[in-house]
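K.L.:
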Amino acid sequence: MNNTLEMTPEAFRQLGYQAVDMIADALGRWQQRREPARRPVPQEIRELLHHQPLPRHGRSPEALLSFVAENIFPYSLGHNNPRFFAWVNSPAAPISVLGELLAAGMNASAAGGDQASTYLEHAVLNWLKEIMGFPLESGGLLVSGGSMATVVGLAVMRYVKSDGQVREQGMHQSPPVVYTSTEGHSCVQKAVELLGIGHRFLRKIPADGNFRMDLAALKLQIDRDRAAGLVPACVVGSAGTVNTGAIDPLDEIADLCAQEGMWFHVDGAFGGVARLAPQAADHFLGIERADSLGIDPHKWMYIPIECGCVLVRDQQAMQDTFSLVPEYLRDDRQLPWFAEFGPQQTRAFRALKLWLAIGQIGLEGYRDLIERDIELARLLQKKVREDPDFELVSTSPLSVTCFLYAPAGADNLERLNQGLLEVVQEEGTVYLTHTRLNGRFVLRANIVNFRTEEADLDVLLDRLRQAGERCQKL
Ligand SMILES: Cc1ncc(COP(=O)(O)O)c(C=O)c1O
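The sequence shown begins at 0 in numbering that gives the first Met the number 0 and counts up by one.
Shown next as structure tokens:
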């Protein structure tokens, strides 16, 4: 019977080597393309994992690690693989994987106080402010991801727009009206609902032909809402929409928000850091004028999940929105704590994995990697454009390509592409997903992956073509 969680240093060392070996072996397989981009979980393993009786007694750690190696580790969605093109998920930088392990080893709660994690998070936040062109005196917090960054940014907006009343009174005033585009991420609606604003007060402004927020339509809607006695309060611009990678006209939105006395939040979860890439930089003009900004290091900074960041220009407003320090935590030598700038008290030490990756390649390294991803996306677009079997549907300043398999004479492209996508996803050599643009089903390939190379793009198109040919014969 095993009734202790304690382990001797030597036993821990041996198990640790096994765990690291598991990851290092996988690293080799990913780099050498020796395993599929994605392995669907076999039915028997689904059952095994899902329906487990609560263990009455423990098992040996060796047996547990073997179980992980056999039944858990091989079945991720595949983000670490060079032929993974879905959503906005990147491979994890190996050094940051070690950072995750070390942070767990320290078991640091990054709520605040005099510990190394506090100073490291301040350093990393300052670096991110510098990358995004935000003043050093702005507020910042590492959070779980883009969704939480949006919640925090909009919570500060709601606090400021209620003249500080919302903490005591709740939403007793007319709710602030929030504007985003029809291409804005679903996390904006979630945040609006969660904050008690209600999506009746969320306006989804039409996008233009390039999937960017239509400024004229935005102005018109703001005027209409004002005329109806409502309170236009906040525009959420996208710096990289999830569907196409479109970047809203940020500078113009910032002008409009300044004229209208509105809060400007930017959702830069996908694309914010691509401000570093010379090919894309111009499109980000105005992002540095946001009142609040979310970016996601676990997307285009290749940090293991979870790692998001929210920056708020007015640090005091951010603190006033959240600060509540009960007596048992009060230590005036150490204030303010990070816990005063967001909803969480006990927090993961996310800064270490980010500090390690930035330390390994520096700002210029990041610039090169992001630039390279965008170049690969352009190359994919060129290949699609030049191939008569494919149709290019959308491009953007970032790294998303929307396209279709559309050989001459094929009818019902939607059914054909849905069918071939299922085949490709099941087979798993490459992995990509779909979206709808103006109601039209399209294949969507995104590259935020330092392992992807040109040959992987050829494999992607070959697999799609082969699957398409098979589907056409059915
Ligand atoms: C544009 C955009 N915003 C927000 C999010 C949500 O971020 P997270 O999944 O990190 O919460 C995503 C996720 O893909 C995104 O692409």
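All C-beta atoms, glycine included, are put in the ideal place defined by N, C-alpha and C.
Go through its chain and collect everything with a Cβ distance to L368's Cβ below 6 Å, but skip five positions before and after it.
P.N.:
F449
K.L.:
Return yes when at least one heavy atom of ligand 1 lies under 7 Å from the C-beta of D367, else no.
P.N.:
no
K.L.:
Are the beta-carbon atoms belonging to T451 and L375 less than 8 Å from one another?
P.N.:
yes
K.L.:
Say yes only if the C-beta of F269 is nearer than 7 Å to one or more non-hydrogen atoms of ligand 1, and no if none qualify.
P.N.:
yes
K.L.:
Could you spell out where the beta strand (DSSP E) holding A444 opens and where it closes?
P.N.:
R439 to N445
K.L.:
So what's R464 in DSSP terms, helix, strand or just coil?
P.N.:
helix
K.L.:
If you draw a straight line from the C-alpha of E287 to the C-alpha of L4, how long is it?
P.N.:
48 Å
K.L.:
Taking 7 Å as the cut-off, does the CB of P146 come closer than this to any heavy atom belonging to ligand 1?
P.N.:
Looking at the sequence shown, residue 146 is not Pro but Ser. Result yes, Cβ under 7 Å from ligand 1.
K.L.:
Is it buried or exposed, P41, if we count other Cβ atoms within 10 angstroms and call 16 or more buried?
P.N.:
Exposed: under 16 other Cβ atoms inside 10 Å.
K.L.:
As a quick exercise: from A226, D388, V383 and Y404, pick the residue whose alpha carbon is nearest that of T394.
P.N.:
V383
K.L.:
Is it right to say T149 is buried, meaning 16 or more other beta carbons lie within 10 angstroms of its own, or is it exposed?
P.N.:
buried
K.L.:
Measuring from the CB of H433, is there a heavy atom of ligand 1 at a distance below 7 Å?
P.N.:
Every heavy atom of ligand 1 is 7 Å or more from the Cβ of H433, so no.
K.L.:
State buried or exposed for S398, treating a residue as buried only when at least 16 other CB atoms are found within 10 Å of its CB.
P.N.:
Buried, by the Cβ-count rule.
K.L.:
Looking at C-alpha atoms only, which residue of L141, N80, V230 and I71 is the closest neighbour of L351?
P.N.:
L141
K.L.:
Determine the burial state of M147: buried for a count of at least 16 other Cβ atoms within 10 Å of its Cβ, exposed for fewer.
P.N.:
Burial state of M147 is buried, judged by a 10 Å Cβ sphere holding 16 or more other Cβ atoms.
K.L.:
Please work out which residues of its chain come closer than 6 Å, Cβ to Cβ, to L127, disregarding the five sequence neighbours upstream and downstream, and give them in chain order.
P.N.:
C308
K.L.:
Indicate, with yes or no, if ligand 1 has a heavy atom lying under 7 Å from the CB of V272.
P.N.:
No, the beta carbon of V272 sits no closer than 7 Å to any heavy atom of ligand 1.
K.L.:
Once the 5 residues before and after L378 are set aside, which same chain residues still bring their CB inside 8 Å of it?
P.N.:
Excluding positions up to five away in sequence, the list reads E453 and L456.
K.L.:
Where L460 and R58 are concerned, what is the direct C-alpha to C-alpha distance, given to the nearest angstrom?
P.N.:
47 Å
K.L.:
Candidates L229, Y16, E167 and G132: which alpha carbon is nearest S65's?
P.N.:
Y16
K.L.:
Does the region 326-344 come into contact with the region 73-93, if we say contact requires no fewer than three beta-carbon pairs (one atom in each stretch) closer than 8 Å?
P.N.:
no
K.L.:
By the DSSP assignment, the beta strand (DSSP E) with W262 in it spans what residues?
P.N.:
W262 to G267
K.L.:
Are there 16 or more other CB atoms within 10 angstroms of the CB of F210, so buried, or fewer, so exposed?
P.N.:
buried
K.L.:
Do the region 321-329 and the region 263-271 touch if we need at least three Cβ pairs shorter than 8 Å?
P.N.:
no
K.L.:
Mind checking whether the beta-carbon of H184 lies closer than 7 Å to any heavy atom of ligand 1?
P.N.:
yes
K.L.:
If L415 and Q471 are in contact, beta carbons under 8 Å, what's the gap, nearest whole angstrom?
P.N.:
7 Å
K.L.:
Check each candidate in R225, N2 and M156 and name the one with the smallest Cα separation from P54.
P.N.:
N2
K.L.:
Classify R33: buried if its beta carbon has 16 or more other beta carbons within 10 angstroms, exposed otherwise.
P.N.:
exposed
K.L.:
Taking Cβ to Cβ, would you say L214 is nearer than 8 Å to V177?
P.N.:
no
K.L.:
What alpha helix (DSSP H) runs, 4 residues minimum, are completely inside the region 97-185?
P.N.:
115-131, 145-160 and 165-168
K.L.:
Can you find a heavy atom of ligand 1 that lies under 7 Å from the Cβ of T240?
P.N.:
yes
K.L.:
Under 8 Å, Cβ to Cβ, is there at least one residue of chain B near L219?
P.N.:
The chain inventory of the structure shown lacks chain B, comprising one protein chain alone.
K.L.:
Please report the distance separating the alpha-carbon of L442 from that of P406.
P.N.:
15 Å
K.L.:
Return the chain-ordered ranges of every alpha helix (DSSP H) run that is complete within the region 239-292 and spans a minimum of 4 residues.
P.N.:
249-259
K.L.:
DSSP on S95, reduced to helix/strand/coil?
P.N.:
Reduced to three states, the DSSP call for S95 is helix.
K.L.:
Okay, do the region 104-121 and the region 257-266 touch, 3+ Cβ pairs below 8 Å being the bar?
P.N.:
Three or more Cβ pairs closer than 8 Å define a contact, and the region 104-121 falls short of that threshold against the region 257-266.
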